[in-house]
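S.K.: Here you go, one structure.
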């Protein structure tokens, strides 16, 4: 009897080297990977019970790879460490190929110390063979760091000149059309809209305005009308679909949209009229939504002021008195602050708060070579009222649009977050209770946001709070995009999507497209176009998830490796202090000098929170070994 092959992309843990077949819920041990790397399309068979794959007696939850059908990735960035006549020894940027490895081939143009892009023609465990595609520059420079990242992760970092030249002409024509279609856009230019963003922000997606009414407050959330321009620019839309999201790398940005859109035509800049898709809603003086007051409509706004988070935080916390240009603008800002606090209190009173994850951020100082030379810690996000204000209003706008889509039974892309598995939460409880001075936590039969928040609040001032929160996050499912609305556990909402950032996220842009097709200008779109859009959503959702993962990987890798080099520069003794943050069968994770996450391969049992002395492992970005 010939046994059946199955086909699926494989996921491989870069630390354990163990593979996982999603949906089938099968593991693949390192010796059964058959040379597969992460995300490769593989043919596999279920491994039955027995001493080997050739001597089997029954099914298991393991598999073995019979063939690598298609490589997810063949182009890799490497640093040349040593040259020989017909080979080079290299250090891969991709962490799944660690150590000093030899690539057979002719690399006469590459020099030691350079970063190069190579195309592999054979892979481990066989002899690695490849050829030179591109020389990226001397290792350790700002430009080569950037090029190494975009080449290794296949990120598009430039817009082709032809595309821009052709599409800019279309954008100019489209702008004239938009300006003529005044009947589609409600005039809100007299309203006291303002934006709040970071000091270095250039793309302004959202603006808000709050005014008092008899029943309480009226909130306006205005979001840049990107689809109003892209509806006639298919080449830019296709590029946005490929990119999926903007990527932020310290002092660099790889935008999803060209600057003419992201920083000009669509950006809600101070002092200029801009077209938006707006949500308005009335709330009473306890922060409760007044029934049937919600509206979603196209509008024109005129932002009266571009505030920064730091400016308004100082004002709200009474650190510095702000001078407003008009009394009306001051009232809009004050009312926005009061309303945001009312909504936050109401959610707590109604037992519907979001999951309170304490987000601490480091602000890094860089030199002319884009190397980190210092840093400062920002206050946690929940202690910064301006950030909390924007978060509260954006979440509310996202919920209102999602609820409208659900009521109208219109296909769209939701942002979903599964309820955590009880078994994983109880395992988390067992883990953290082994730490010193941790009060006992009772196991749970049902996981709720309120329960998790109570734990986080209980340990907020504890010495090991970051470790506790970090381990909790590891057992929670990851939020993702889906055409199936299963709700969002972390937001504590049955209906949720992303609507508020169409300049930098494809998911939001597609939600805007749906609103234009079904609500804002339905007559313009024939039935077959709406059906085609709905039919494409599943594949577009996959693209959104893939782009988000690529963006997270890029941002973490870029920043963490800058931090890695910063630690090397300030610690000439090469011995580091690390705190054990989590454990696995292969060793334990460590937080090094409070900045960098590494891993130690060890069979030793370590307590969470234990401090260990470490030194780095050569030719690895993540591995350290304990110094005893």
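Residue numbers (full-length UniProt numbering): 1 to 628.
Ideal Cβ placement from N, Cα and C applies to all residues, glycine included.
Taking the alpha-carbon positions, what's the residue 570 to residue 367 distance?
M.R.: Within the chain shown, residue 570 is the residue found at index 570, counting from 1. Within the chain shown, residue 367 is the residue found at index 367, counting from 1. Taking the straight line joining both Cα atoms gives about 15 Å.
S.K.: For residue 112, count neighbouring Cβ atoms within 10 angstroms of its own Cβ and tell me buried if that reaches 16, exposed if not.
M.R.: Against the chain shown, residue 112 aligns to sequence position 112. Exposed: under 16 other Cβ atoms inside 10 Å.
S.K.: At which residues does the alpha helix (DSSP H) containing residue 545 begin and terminate?
M.R.: Locating residue 545 in the chain shown gives position 545, counting from the first residue. Element bounds for residue 545: 527 to 570.
S.K.: I need the DSSP call for residue 381, collapsed to helix, strand or coil.
M.R.: Counting from 1 along the chain shown, the entry for residue 381 is found at position 381. Helix, per DSSP.
S.K.: With a threshold of 8 Å on Cβ separation, who are the neighbours of residue 618 within its own chain once the five nearest residues in sequence on each side are excluded?
M.R.: Residue numbering aside, residue 618 sits at position 618 when the chain shown is read from its first letter. The residues are 100.
S.K.: Which value, in whole angstroms, describes the spacing of the CA atoms of residue 419 and residue 450?
M.R.: Within the chain shown, the letter at position 419 stands for residue 419. Within the chain shown, the letter at position 450 stands for residue 450. In a straight line, the C-alpha of residue 419 is about 13 Å away from that of residue 450.
S.K.: Tell me whether the beta-carbon of residue 28 lies closer than 8 Å to the beta-carbon of residue 69.
M.R.: Position 28 of the chain shown, counted from the start, is the residue given in the question as residue 28. Position 69 of the chain shown, counted from the start, is the residue given in the question as residue 69. No. Outside cutoff.
S.K.: Relative to the C-alpha of residue 508, which residue among 611, 399, 455 is closest?
M.R.: For the purposes of this step, residue 508 is identified with residue 508 of the chain shown, where counting begins at 1. The candidate whose alpha carbon is nearest that of residue 508 is 399.
S.K.: For residue 538, collect the residues of the same chain with a Cβ closer than 8 Å to its Cβ; drop the 5 residues on either side in sequence, then sort them by chain order.
M.R.: The residue labelled residue 538 in the question sits at position 538 within the chain shown. So the list reads 483, once near-sequence residues are dropped.
S.K.: Just list the residues that DSSP pairs residue 581 with in beta bridges.
M.R.: By one-based count along the chain shown, residue 581 stands at place 581. According to DSSP, residue 581 bridges with nothing at all.
S.K.: Please specify which runs of the alpha helix (DSSP H), each continuous and at least 4 residues long, are wholly inside the region 78 to 156, giving them in chain order.
M.R.: Whole alpha helix (DSSP H) segments, 4+ residues: 142 to 152.
S.K.: How far does the beta strand (DSSP E) with residue 280 in it extend, from its first residue to its last?
M.R.: Locating residue 280 in the chain shown gives position 280, where the first residue counts as 1. Element bounds for residue 280: 273 to 284.
S.K.: Which runs of the alpha helix (DSSP H) at least 4 residues long sit entirely within the region 385 to 414? Give them in chain order.
M.R.: You should have 385 to 408.
S.K.: Suppose you measure from the CA of residue 409 to the CA of residue 396; what does that come to, to the nearest Å?
M.R.: Stepping through the chain shown from its first residue, residue 409 is reached at position 409. Stepping through the chain shown from its first residue, residue 396 is reached at position 396. Answer to the nearest angstrom: the Cα atoms are 20 Å apart.
S.K.: Helix, strand or coil for residue 328, going by three-state DSSP, please let me know.
M.R.: Translated into positions along the chain shown, residue 328 becomes position 328. Here residue 328 sits in helix by DSSP.
S.K.: Can you find the residues in the same chain that come closer than 7 Å, C-beta to C-beta, to residue 132, ignoring five residues on each side of it along the sequence?
M.R.: What you label residue 132 is simply residue 132 of the chain shown in a count that begins at 1. The answer, listed in chain order, is 107, 109, 110, 116, 118.
S.K.: So if DSSP puts residue 209 in a beta bridge, which residue, or which two residues, is it bridged to?
M.R.: Taking the chain shown and counting its residues from 1, the one referred to as residue 209 is at position 209. Residue 209 is bridged to 220.
S.K.: What's the call for residue 612, buried or exposed, on a 16-neighbour Cβ count within 10 Å?
M.R.: The count along the chain shown starts at 1 and reaches residue 612 at position 612. When all chains shown are included, residue 612 counts as buried.
S.K.: According to the Cβ coordinates, are residue 416 and residue 488 closer than 8 Å?
M.R.: For the purposes of this step, residue 416 is identified with residue 416 of the chain shown, where counting begins at 1. For the purposes of this step, residue 488 is identified with residue 488 of the chain shown, where counting begins at 1. Yes, these two residues count as a Cβ contact at 8 Å.
S.K.: Determine the DSSP secondary structure at residue 250, reduced to helix, strand or coil.
M.R.: If you number the chain shown from 1, residue 250 lands on position 250. The answer is coil: DSSP assigns residue 250 none of H, G, I, E or B.
S.K.: In angstroms, rounded to a whole number, what distance separates the CA positions of residue 590 and residue 424?
M.R.: In the chain shown, the residue the question calls residue 590 occupies position 590. In the chain shown, the residue the question calls residue 424 occupies position 424. Between residue 590 and residue 424, the C-alpha separation is close to 21 Å.
S.K.: Beta-carbon within less than 7 Å of residue 387's beta-carbon, same chain only, minus the 5 sequence neighbours each way: which residues are those?
M.R.: Numbered from 1 along the chain shown, position 387 holds the residue referred to as residue 387. Around residue 387: 309, 381.
S.K.: Count the other CB atoms within 10 Å of the CB of residue 5; is the residue buried (16 or more) or exposed (fewer)?
M.R.: Sequence index remark: in the chain shown, residue 5 carries index 5 (1-based). Burial call: exposed.
S.K.: Name the residue from 172, 219, 147 whose alpha carbon lies nearest to the alpha carbon of residue 280.
M.R.: By 1-based counting over the chain shown, the position of residue 280 is 280. Ranking 172, 219, 147 by Cα distance to residue 280 puts 219 first.
S.K.: Is it the case that the Cβ atoms of residue 26 and residue 48 are separated by a distance below 8 Å?
M.R.: Taking the chain shown and counting its residues from 1, one reaches residue 26 at position 26. Taking the chain shown and counting its residues from 1, one reaches residue 48 at position 48. Cβ atoms of residue 26 and residue 48: not closer than 8 Å.
S.K.: I'd like the span of the beta strand (DSSP E) that includes residue 632, first residue to last.
M.R.: No answer is possible for residue 632: it lies beyond the span of the chain, which begins at 1 and ends at 628.
S.K.: Below 6 Å CB to CB, which residues in the same chain sit around residue 39 once its five sequence neighbours on both sides are set aside?
M.R.: Here residue 39 corresponds to residue number 39 of the chain shown, with the count starting at 1. Closer than 6 Å at Cβ, skipping near neighbours: 9, 72.
S.K.: Of all the beta strand (DSSP E) runs that stay within the bounds of the region 602 to 628, which reach a length of 3 or more residues?
M.R.: With a minimum length of 3 residues, the continuous beta strand (DSSP E) runs that stay inside the region 602 to 628 are 611 to 616, 623 to 626.
S.K.: Using a Cβ-Cβ cut-off of 7 Å (strictly less than) and excluding sequence neighbours within five positions of residue 521, which residues of its own chain qualify?
M.R.: Working through the chain shown from its first residue, we reach residue 521 at position 521. If we look at residue 521 and ignore the five residues flanking it on each side, its Cβ neighbours are 184.
S.K.: Which partner residues does residue 347 have in the DSSP bridge list?
M.R.: For this step, residue 347 is matched to residue 347 along the chain shown. The partner list for residue 347 (beta bridge, DSSP) is empty, contrary to what the question assumes.
S.K.: Confirm, please, whether the CB-CB distance from residue 412 to residue 205 is below 8 Å.
M.R.: Locating residue 205 in the chain shown gives position 205, where the first residue counts as 1. Locating residue 412 in the chain shown gives position 412, where the first residue counts as 1. Against a cut-off of 8 Å, the Cβ pair of residue 412 and residue 205 comes out as no contact.
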